[in-house]
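Trainee: The following block contains the structure, expressed as structure tokens.
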Amino acid sequence: MATQDFFSKHWLAGVLILLFVLNAIWMVRMSGHLETVAVGRDAPDFRLRVVAGEGAGRELALSDLRGKVVLVDFWATWCSPCLDAMPSLAALHRSIRARGATVIGVATDGSETGAIRRIVDDAGVDYPILLDEDGKVAGRYAVDGLPTLFLLDRRGVVRAVEHGARPVESLERLVRPLL
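Under my numbering, think of the first position of the sequence shown as 1090, with each following residue one higher.
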């Protein structure tokens, strides 16, 4: 009788524990199928709309840039360090594009295209600015802070990941060996 009372009172807790354990097992099994963006691995491809800068109005896939060294800058209009870095990134882009390299910006703001265009114009940015409207690309790249930069070699392999604003000189030191 006591055992029956225990189970009748605690059945919900048992079901919840079972669901938790099954979910944990599923997550462990699925973790092997998730893409991990890390140095030495291929960067996941994506296709986004260019909303400002070079190529505005068209879609651009990361794979379209194979054969070039690419610096991918994840940023947002509300991120002060991101905005402060833009003129330096624009200068870097101008200095490396003739040598087969480029900078692309991925705005993580949703659909704030008007604000993005104003910021890009004010900063003198001419490299492509792509819009990650739903945040899926930033999610695939596990971007957890802004700005976050990914340096890709000519084959699309991640060679460096930088979190936070960096002086243009340190970015040049990262890019130079890949040119």
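All residues carry an ideal CB built from backbone N, CA and C; glycine is no exception.
#1: In the DSSP assignment, find the alpha helix (DSSP H) that holds Thr1202 and state where it starts and stops.
#2: Tell me whether the beta-carbon of Val1128 lies closer than 9 Å to the beta-carbon of Val1250.
#3: Would you decide whether Lys1157 is buried or exposed? Buried here means 16 or more other CB atoms lie within 10 Å of its CB.
#4: Please classify Leu1219 as buried or exposed, where buried requires at least 16 neighbouring CB atoms within 10 angstroms.
#5: Expressed to the nearest angstrom, what Euclidean distance is found between the alpha-carbon atoms of Asp1210 and Thr1166?
#6: Taking a contact to mean a Cβ-Cβ separation below 9 Å, would you say Asp1162 touches Ala1174 in this structure?
#7: Provide the residue span of the alpha helix (DSSP H) that contains Arg1229, from first to last.
#8: How would you label His1182, buried or exposed, when you count the other beta carbons within 10 angstroms and need 16 or more for buried?
#9: Looking at Thr1191: is its Cβ nearer than 9 Å to the Cβ of Pro1217?
#10: Quick check on Leu1267: buried or exposed, where buried means 16 or more other Cβ atoms within 10 Å of its Cβ?
#11: By Cβ distance below 8 Å, which residues in the same chain neighbour Pro1256 in space, the five residues on each side in sequence not counted?
#12: Considering only residues of the same chain and omitting the five flanking positions on each side of Val1246, which have a CB-CB separation below 8 Å?
#13: What is the DSSP secondary structure of Leu1172, counted as helix, strand or coil?
#14: Please look up how many angstroms separate the CB atoms of Thr1202 and Asp1221, rounded, as I've assumed it's under 8 Å.
#15: Keeping to the same chain, check which residues put their C-beta closer than 7 Å to that of Leu1263; ignore five residues upstream and five downstream.
Mentor: Well, looking at it:
#1: Counted from its first residue, the sequence shown places residue 1202 at position 113. Thr1202 to Ala1212 is the extent of the alpha helix (DSSP H) around Thr1202.
#2: Here the question's residue 1128 lines up with position 39 in the sequence shown. Here the question's residue 1250 lines up with position 161 in the sequence shown. Yes, the Cβ-Cβ distance between Val1128 and Val1250 is below 9 Å.
#3: If you number the sequence shown from 1, residue 1157 lands on position 68. By the neighbour-count rule (16 or more Cβ atoms within 10 Å), Lys1157 is buried.
#4: As a first step, residue 1219 is located in the sequence shown; it is residue number 130 there, counting from the start. It is buried - the Cβ of Leu1219 has at least 16 other Cβ atoms within 10 Å.
#5: By 1-based counting over the sequence shown, the position of residue 1210 is 121. By 1-based counting over the sequence shown, the position of residue 1166 is 77. Near 13 Å, if we compare the C-alpha coordinates of Thr1166 and Asp1210.
#6: Locating residue 1162 in the sequence shown gives position 73, where the first residue counts as 1. Locating residue 1174 in the sequence shown gives position 85, where the first residue counts as 1. Against a cut-off of 9 Å, the Cβ pair of Ala1174 and Asp1162 comes out as a contact.
#7: As a position in the sequence shown, residue 1229 is number 140, starting the count at 1. Lys1225 to Arg1229 is the extent of the alpha helix (DSSP H) around Arg1229.
#8: Here residue 1182 is taken as the residue at index 93 of the sequence shown, counted from 1. The residue is buried, with at least 16 neighbouring Cβ atoms inside 10 Å.
#9: Along the sequence shown, read from residue 1 onward, the residue named residue 1191 stands at position 102. Along the sequence shown, read from residue 1 onward, the residue named residue 1217 stands at position 128. For Thr1191 and Pro1217, yes; Cβs fall inside 9 Å.
#10: Reading the sequence shown from its first residue, position 178 is the one you call residue 1267. Counting Cβ neighbours within 10 Å, Leu1267 comes out buried, since at least 16 surround it.
#11: As a position in the sequence shown, residue 1256 is number 167, starting the count at 1. Contacts found: Ser1177.
#12: As a position in the sequence shown, residue 1246 is number 157, starting the count at 1. Correct list, in chain order: Gly1129, Arg1130, Asp1131 and Ala1132.
#13: Start at 1 with the first residue of the sequence shown, and residue 1172 comes out as number 83. Leu1172: helix per DSSP, three-state reduction.
#14: One-based indexing of the sequence shown puts residue 1202 at position 113. One-based indexing of the sequence shown puts residue 1221 at position 132. That belief does not hold up - the Cβ atoms of Thr1202 and Asp1221 are roughly 12 Å apart, past 8 Å.
#15: Residue numbering aside, residue 1263 sits at position 174 when the sequence shown is read from its first letter. Contacts found: Leu1240 and Ala1249.
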